[in-house]
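I have placed the structure first, in the form of structure tokens, so that the comments after it can refer back to it.
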Amino acid sequence: MRADTPIGRVEIGHGIAATAVEAALTRAEARRAILIAEPMTWEVAGKGIGATLAAAGWKVERILLPRGEDAKRLRVIEKTCRTLAKLHVDRAETLVAIGGGALTDAAGFAAATYLRGVPIVNVPTTLVGEIDAALGGKTAVDIPEGKNLVGVFRQPAAFIADTALLRTLPARERRAALGEVVKVGVLGDERLLELVEEHGEAFAAGSDEPIDSGAVAEMVERCAWAKVKVVCADEHDRGLRMTLNLGHTLGHAIEAAAGYKDLLHGEAIAYGLRGAFAISLAMGLTTRERSHRINALLDRLELGLESPGLDQDAVLERMASDKKHTMGKLNWILPTAAGVEIRQDVPPAAVEFGLIAALRFGGEHRPLDSTAEATAGATADATAEATEEATESSAGHS
Ligand SMILES: NC(=O)c1ccc[n+]([C@@H]2O[C@H](COP(=O)([O-])OP(=O)(O)OC[C@H]3O[C@@H](n4cnc5c(N)ncnc54)[C@H](O)[C@@H]3O)[C@@H](O)[C@H]2O)c1
Numbered sequence: 008m009r010a011d012t013p014i015g016r017v018e019i020g021h022g023i024a025a026t027a028v029e030a031a032l033t034r035a036e037a038r039r040a041i042l043i044a045e046p047m048t049w050e051v052a053g054k055g056i057g058a059t060l061a062a063a064g065w066k067v068e069r070i071l072l073p074r075g076e077d078a079k080r081l082r083v084i085e086k087t088c089r090t091l092a093k094l095h096v097d098r099a100e101t102l103v104a105i106g107g108g109a110l111t112d113a114a115g116f117a118a119a120t121y122l123r124g125v126p127i128v129n130v131p132t133t134l135v136g137e138i139d140a141a142l143g144g145k146t147a148v149d150i151p152e153g154k155n156l157v158g159v160f161r162q163p164a165a166f167i168a169d170t171a172l173l174r175t176l177p178a179r180e181r182r183a184a185l186g187e188v189v190k191v192g193v194l195g196d197e198r199l200l201e202l203v204e205e206h207g208e209a210f211a212a213g214s215d216e217p218i219d220s221g222a223v224a225e226m227v228e229r230c231a232w233a234k235v236k237v238v239c240a241d242e243h244d245r246g247l248r249m250t251l252n253l254g255h256t257l258g259h260a261i262e263a264a265a266g267y268k269d270l271l272h273g274e275a276i277a278y279g280l281r282g283a284f285a286i287s288l289a290m291g292l293t294t295r296e297r298s299h300r301i302n303a304l305l306d307r308l309e310l311g312l313e314s315p316g317l318d319q320d321a322v323l324e325r326m327a328s329d330k331k332h333t334m335g336k337l338n339w340i341l342p343t344a345a346g347v348e349i350r351q352d353v354p355p356a357a358v359e360f361g362l363i364a365a366l367r368f369g370g371e372h373r374p375l376d377s378t379a380e381a382t383a384g385a386t387a388d389a390t391a392e393a394t395e396e397a398t399e400s401s402a403g404h405s
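When we follow our numbering, the leftmost residue of the sequence shown carries the number 8, and every step to the right adds one.
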């Protein structure tokens, strides 16, 4: 699948990486191939792409960043830009980033700032990268005060998602990424939910069958299109794009409270999704059927099952410093029966219910169905009152 979109060329396929990169470089009239990877992604993807390009007569330059989140440091950006300067990379030259979300975030930020911006082609090598990180133009690095706090919006010239590159992806990375796929399904893609229901467990367990059958390519394609549509409508995250943050208000707070250790992003999002459904249930925004379906799917994927063992107040504190605020109000993306709503009027009782569902029960619906139902009933009453109060007080200000 190939399409030219307002946010760059999007190519998705199986075994396409090397030829698509060469085509992108040829289109850009590049004089050489400057490949940016990290040790693991060089081994599993970059080396092969580089060899194909070299065999076709391209001069190949390789720049290696540290693996994982360690790439997202300002000192790594400085080092990368110094390497680019030493290679005399000029403003017309295109870079190629080959790696997971951490690598494309860091390489994207370097490309966006070196010489005030040079083009970059993203070749994601993780499912997170293929469905999310390498598409949409958000680039960033971390600082001690928080993740992704320094960055810019800049669209890649091309996004090349090759599902064959996912074969070597470890089971835990696969499983966690499915948390994000479920999120996109909840935003309103029934077919995507069906695909995960049918193939998710096998893919998460490390089977390549869902890759070879094209099921994963279909998941990637559906997620990528959902993202293209949303980003084209709201590139700078001021409205519709916020919906992509479903599960992230709680998820980010849980990740932060865990100190970004032990939990992968998609794993945190699974807790966040469960919490968001609990809040929606308490506020009467979604149906029990919808909530049960998604919680059961997360159960089967073994995501958000165990309590993460975090203190509720620590998570609340992290939520208070979340960047998803507008004018001091936290934007909650909450599931409805078939999509989502953005709400700022979530009563504290509902937030607490969401936190309990995410933190204490972890997979509240499984063995604890009756407890969760009872809690939902009690909280729904309290929440209905709180919602009434909130509505009255906000009406009073308008
Ligand atoms: N820019 C965005 O819009 C956006 C969206 C979502 C996430 N992100 C960012 O993405 C990062 C997470 O990305 P990620 O989950 O891809 O993690 P990652 O890039 O850290 O990669 C995870 C691990 O998988 C390894 N790996 C990568 N590809 C592999 C392959 N094909 N085979 C075997 N191992 C492989 C890596 O070496 C690493 O150890 C976070 O920093 C997050 O903030 C950005």
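Don't be surprised by glycine CBs; every beta carbon is placed ideally from N, CA and C.
Nothing here was measured: the structure is a model prediction, and the numbers come from that model.
query: The segment 9-27 / the segment 165-176 touching (three or more Cβ pairs under 8 Å); result: yes
query: Residues sharing a beta bridge with W339, DSSP; result: R350
query: K145, enclosing beta strand (DSSP E) - first and last residue; result: K145 to I150
query: Delimiting residues of the beta strand (DSSP E) encompassing I167; result: A165 to D169
query: Proximity to F210 [Cα-Cα], best of V235, P177 and A40; result: P177
query: H259 and G279 closer than 9 Å at C-beta; result: yes
query: Residues of its chain near E410, where Cβ-Cβ distance is below 7 Å and the 5 sequence neighbours each way are ignored; result: This structure cannot settle anything about residue 410, because the visible part of the chain is limited to 8 through 405.
query: Contact between the segment 311-331 and the segment 261-274 (3+ Cβ pairs under 8 Å); result: yes
query: Contact test: R74 Cβ vs ligand 1 heavy atom, cutoff 8 Å; result: yes
query: Buried or exposed (CB count within 10 angstroms, at least 16 for buried), K79; result: buried
query: Inter-stretch contact (C-beta, 8 Å, three-pair minimum) for the segment 86-98 and the segment 135-143; result: no
query: Check: G124 C-beta below 8 Å from any heavy atom of ligand 1; result: no
query: Beta-carbon contacts of N155 that lie in its chain and below 7 Å, excluding the five residues immediately before and after; result: A147 and D149
query: Nearest-angstrom Cβ-Cβ length linking Y135 and G311, presumed shorter than 8 Å; result: For the sequence presented, residue 135 should be read as Val rather than Tyr. At roughly 17 Å, the Cβ-Cβ gap does not stay under 8 Å, so V135 and G311 are not in contact.
query: Buried or exposed by the 16-neighbour rule on C-beta atoms within 10 Å, applied to D243; result: According to the sequence provided, residue 243 is His. The question's Asp does not apply to it. Exposed, because fewer than 16 other Cβ atoms sit within 10 Å of the Cβ of H243.
query: The segment 340-356 in contact with the segment 288-301 per 3-pair CB rule at 8 Å; result: yes
query: Own chain, CB closer than 7 Å to G192, minus 5 neighbours either side, in chain order; result: L199, L200 and V203
query: Completely contained alpha helix (DSSP H) runs for the segment 54-122, where each covers 4 or more residues; result: 54-62, 81-93 and 108-120
query: Cut-off 7 Å between Cβ atoms - residues of its own chain near G282, not counting five sequence neighbours on either side; result: L257, G361, L362, A364 and A365
query: Opening and closing residue of the beta strand (DSSP E) in which R295 lies; result: Element bounds for R295: not the beta strand (DSSP E) but the alpha helix (DSSP H), R295 to R307.
query: Cβ pair A119, R161 closer than 9 Å; result: yes
query: Endpoints, alpha helix (DSSP H) assigned at I286; result: H272 to A289
query: 6 Å Cβ shell around R16 - same chain, five flanking residues per side excluded; result: A165
query: For A40: DSSP bridge partner residues; result: V67
query: Start-to-end residues for the alpha helix (DSSP H) that takes in L199; result: E197 to A211
query: Buried/exposed call for P151, threshold 16 Cβ in 10 Å; result: exposed
query: Nonlocal neighbours in the same chain, by C-beta distance under 7 Å from R367, ignoring five residues either side; result: S314
query: H243 Cβ short of 8 Å to ligand 1 heavy atom set; result: no
query: Buried versus exposed, by CB contacts within 10 Å (16 or more), S298; result: buried
query: Coil, strand or helix - K154 by DSSP; result: strand
query: Extent of the continuous alpha helix (DSSP H) to which R325 belongs; result: Q319 to A327
query: Selection from A40, R182 and R179 that minimises the alpha carbon distance to K66; result: A40
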